[in-house]
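In our numbering, the protein residues as written are 1 to 194. Where a beta carbon is used, it is the ideal one built from N, C-alpha and C, also for glycine. Heads up: the structure comes next, in structure tokens.
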């Protein structure tokens with residue numbers, strides 16, 4: 001199972017900060033990171049995680065760092081969509097994070113795989129929504145370009161993750177050791193992010 005291949009870092013106390021990365025890496029077959037140290041027990045409020053489904057961690061869309069991440073992702077979305085359309089065998093797990101709503105409840109969910117569908121897109125949820133009660137992991141959803149708040153992909157040969165701006169925004173509050181471990185494990189270097 002993909003979750004079992006992930007580093008133990010995913011189960012550390014800063015799990016909430018890296019769930020965006022976790023959702024992405026659940027499907028990442030080509031990035032087998034080095035073993036991490038044994039984690040501390042996970043403490044999460046009102047959320048449970050299992051090896052089968054990783055819950056979405058809510059983004060504070062009023063946080064200036066998250067707002068900036070949304071803008072950065074939208075500004076570079078055309079370039080990402082070109083990479084996605086190229087079908088380059090060196091590119092893996094192209095995913096988008098989208099704004100989904102049920103009534104007045106909004107959540108930001110990773111979608112992988114996804115494809116163009118008329119004037120919009122469709123794809124499958126790659127994480128378990130925690131606030132959207134009608135949506136499950138693997139559910140088919142339709143969305144518009146304007147709903148895309150983040151994107152990411154993994155460059156296999158370079159072992160580098162691109163995009164993932166919202167995770168980078170969340171990592172600004174993470175301990176430096178965890179940020180370094182993510183950089184080493186997945187090639188996510190927020191300082192070099194496009």
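Query: Burial state of residue 105, where buried means 16 or more other Cβ atoms lie within 10 Å; Result: exposed
Query: Nonlocal neighbours in the same chain, by C-beta distance under 6 Å from residue 180, ignoring five residues either side; Result: none
Query: Selected residue, minimal CA-CA separation from residue 133, among 107, 169, 175, 178; Result: 107
Query: Contacting residues, own chain, Cβ-Cβ under 8 Å from residue 176 (five flanking each side not counted); Result: none
Query: Same chain, Cβ closer than 6 Å to residue 61, five either side skipped, listed in chain order; Result: none
Query: Extent of the continuous beta strand (DSSP E) to which residue 155 belongs; Result: 148 to 155
Query: Residue 129 classed as buried or exposed, judged by whether at least 16 other C-beta atoms fall within 10 angstroms; Result: buried
Query: Segment limits, beta strand (DSSP E) that includes residue 100; Result: 91 to 102
Query: Spatial distance of residue 191 from residue 136 (CA atoms); Result: 33 Å
Query: Pair within 9 Å by beta-carbon distance, residue 68 and residue 169; Result: yes
Query: Cβ pair residue 149, residue 70 closer than 9 Å; Result: yes
Query: Between the CA atoms of residue 183 and residue 99 - distance to the nearest angstrom; Result: 26 Å
Query: Status (buried if at least 16 other CB within 10 Å, exposed otherwise) for residue 95; Result: buried
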